[in-house]
Amino acid sequence: MGFNAFSGAVGQDFSDLLRHTGARSEGRAADAQDCGAYSSEQLDAIVGPQRRWSWVEIDLSAIRNNVAVAKRRLSPGTRLMAVVKANAYGHGAVQVARTALSAGAAQLAVATVSEGIQLRKAGIDAPVLVLSEPPIAAVPLLLRYSLMPSVYTSEFAVAYGEEADRHGLRAPFHLAINTGMNRIGVRFDEVVDFVRQIAFHRALEQMGTFTHFATADCAETLDFNMQLRRFKETVASLRQIGVNPGLVHCANSAALLRYPETHMDMARLGISMYGFHPCPETRGYFDLRPALSVHARITAVNMPPMSEGVSYGMHYRSPGSVKICAVPVGYADGYARALSSRTSIIYDGHLCRQVGNICMDQCMFEVDLRSHGTHRRLDPHVGDEVLLVGAQNGVSVTIEDLCDVVGTIPHELCCALSLRMPKVYLR
Numbered sequence: 004m005g006f007n008a009f010s011g012a013v014g015q016d017f018s019d020l021l022r023h024t025g026a027r028s029e030g031r032a033a034d035a036q037d038c039g040a041y042s043s044e045q046l047d048a049i050v051g052p053q054r055r056w057s058w059v060e061i062d063l064s065a066i067r068n069n070v071a072v073a074k075r076r077l078s079p080g081t082r083l084m085a086v087v088k089a090n091a092y093g094h095g096a097v098q099v100a101r102t103a104l105s106a107g108a109a110q111l112a113v114a115t116v117s118e119g120i121q122l123r124k125a126g127i128d129a130p131v132l133v134l135s136e137p138p139i140a141a142v143p144l145l146l147r148y149s150l151m152p153s154v155y156t157s158e159f160a161v162a163y164g165e166e167a168d169r170h171g172l173r174a175p176f177h178l179a180i181n182t183g184m185n186r187i188g189v190r191f192d193e194v195v196d197f198v199r200q201i202a203f204h205r206a207l208e209q210m211g212t213f214t215h216f217a218t219a220d221c222a223e224t225l226d227f228n229m230q231l232r233r234f235k236e237t238v239a240s241l242r243q244i245g246v247n248p249g250l251v252h253c254a255n256s257a258a259l260l261r262y263p264e265t266h267m268d269m270a271r272l273g274i275s276m277y278g279f280h281p282c283p284e285t286r287g288y289f290d291l292r293p294a295l296s297v298h299a300r301i302t303a304v305n306m307p308p309m310s311e312g313v314s315y316g317m318h319y320r321s322p323g324s325v326k327i328c329a330v331p332v333g334y335a336d337g338y339a340r341a342l343s344s345r346t347s348i349i350y351d352g353h354l355c356r357q358v359g360n361i362c363m364d365q366c367m368f369e370v371d372l373r374s375h376g377t378h379r380r381l382d383p384h385v386g387d388e389v390l391l392v393g394a395q396n397g398v399s400v401t402i403e404d405l406c407d408v409v410g411t412i413p414h415e416l417c418c419a420l421s422l423r424m425p426k427v428y429l430r
């Protein structure tokens, strides 16, 4: 119920109460609409970091570099599929997709139908694979927006083919094979029977066949080698019965960089496109550059006396002679509460300790005002810029650093760290 409808329902008493309490018109949408002091264009021009002093910067030149690294590693003739699911791992699907395609990627991959539609509405016409089988109800969307689903149930395959045939369309798909990860896909030893079940349908067109490795990023290779062997044998079985598997692909970022024998017709570049090494074994060999950094400006500066606490629970207490600076980034922005008092924020080229519990919308850090040794005294003020993730003057706080603290992987933190903060793209 809108404000006007609500106030009308409760009558004049509510309006009188607003006047009596001095609330007047602060929350009233009608008064906001009646204000003619600003044009819509003026208000719309106040964007991103101007609305809230926190933002994520995405360096698209780093994306281009990482795609180039992958393409140089690929075997001759192998195509590259850029994985832009989950809003390009939090980096912005449309911008990253365009950048990856311009850098030489041939196809794109997403996780959901809606993610694929977003790319199409942005004018991107490259082949798009949905990396899972959607609900049957989504079939019209696949056909309307030319999205290729992954297929692994006969019910979906037949429904997809029937709908396409009804409108005189083709129904392209990639066959997903479960070689041992046991998440999605037709089990490897049932693939031939499955394909025979759906092969009758004239509209279905198998454009690709793929699997996904569970341990390509692990030092132990037993399970990886088992999956690879099963996949190769299954593809060979399809060819033996006269089925064209289309583009054969199994390499994720780790396999792309570590195992050239997995490149086949196409390889999928995911986390490494965003500048992260999929495993320790690739470090030092490939020049991957992180694209994401997290910025904010100081919104408040306090000097609490010695022993006074900061933030919820007051687990931190001032030692005196420190400035406590607040910045508008909290756990609702993906800056996990578990990082509280366990990370640093970069101010003026120095690492400053984050202190106190990270709040939903804000966090604090400490600037020591005492002079000692060669330490340069810092003097923070409201409006000064800080880095929560990034590098400056030889010091850094990386996504991997934060992952080590909270016990997770870069995929999760990158997706989370852009939940509310606007993105600024550097070309």
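Residue numbers (this note's numbering): 4 to 430. All residues carry an ideal CB built from backbone N, CA and C; glycine is no exception. Values in this document were obtained by computation on a predicted structure and should not be read as measured data.
Q121 carries a helical assignment under DSSP once its states are collapsed to helix, strand and coil. For the alpha helix (DSSP H) assignment, the uninterrupted runs of no fewer than 4 residues enclosed by the region 329-411 are, from N- to C-terminal side, 402-409. In this chain, the alpha helix (DSSP H) harbouring R76 covers 63-76. Note that the C-beta distance between V142 and A162 is below 8 Å.
Counting other Cβ atoms within 10 Å of its Cβ, Q209 reaches 16 or more and is therefore classed as buried.
Contact check between the region 340-347 and the region 401-409: three or more CB pairs, one atom from each, fall below 8 Å, which counts as touching. Residue burial annotation: M367 is buried, with at least 16 other C-beta atoms found within 10 angstroms of its C-beta. As the crow flies, the alpha-carbon of Q121 is around 22 Å from that of R173. Per DSSP, F159 is one residue of the alpha helix (DSSP H) stretching across 157-169. V389 is a Cβ neighbour of I348, given a cutoff of 8 Å. Contact between L291 and V427 does not hold, since their C-beta atoms are separated by about 21 Å, which reaches or exceeds 8 Å. Distance from the Cα of L295 is smallest, within the candidate group L429, D268, N255, E166, for L429. H177 is bridged by DSSP to S153, G211. Note on geometry: alpha-carbon atoms of E236 and A419 lie some 39 Å from one another. In the displayed model, S275 falls within a helix according to three-state DSSP.
Put simply, the region 173-183 touches the region 150-158. At least three CB pairs are less than 8 Å apart. Taking all protein chains in view, the Cβ of D192 is surrounded by fewer than 16 other Cβ atoms within 10 Å, so the residue is classified as exposed.
Rounded to the nearest whole angstrom, the CA to CA distance from R380 to H318 is 26 Å. Per the coordinates, the alpha-carbon of Y334 lies some 14 Å from the alpha-carbon of Q357. Going by DSSP, A114 is part of no alpha helix (DSSP H) at all; its letter is neither H nor E. Minimum Cα-Cα distance from V392 among the listed residues I61, G287, I327, V195 corresponds to I61. Counted as a single uninterrupted DSSP element, the alpha helix (DSSP H) harbouring A258 occupies residues 256-261. The straight-line gap separating the alpha-carbon atoms of I201 and N247 is approximately 14 Å.
Our two residues, G278 and L272, have alpha carbons roughly 11 Å apart in a direct line. F216 has its alpha-carbon roughly 8 Å from the corresponding atom of A254.
The C-beta separation of M151 from A270 comes to about 17 Å, leaving the pair out of contact by the 8 Å criterion. Two segments are said to touch when three or more pairs of C-beta atoms, one from each, lie closer than 8 Å; by this definition the region 281-289 touches the region 259-269. Annotation for V304: the continuous beta strand (DSSP E) segment containing it runs 303-305. At a Cβ-Cβ threshold of 8 Å, W56 and R300 count as neighbours.
Exclusion of the five residues before and after V370 leaves V325, K326, C328, Y350, C355, L381, P383 as the residues of its chain whose Cβ lies within less than 7 Å of its Cβ.
Under the criterion of beta carbons closer than 8 Å, A206 and D168 qualify as touching, at roughly 4 Å. D226 sits away from A257, with the two beta carbons spaced by 8 Å or more. The distance from the Cβ of Y92 to that of R123 is about 20 Å, inconsistent with a contact at the 8 Å cut-off. Taking each of F176, V131, P322 in turn and checking the Cα distance to V86, the smallest one comes out for V131. R101 carries a helical assignment under DSSP once its states are collapsed to helix, strand and coil. Only buried fits G359, as 16 or more other CB atoms lie within 10 angstroms of its CB.
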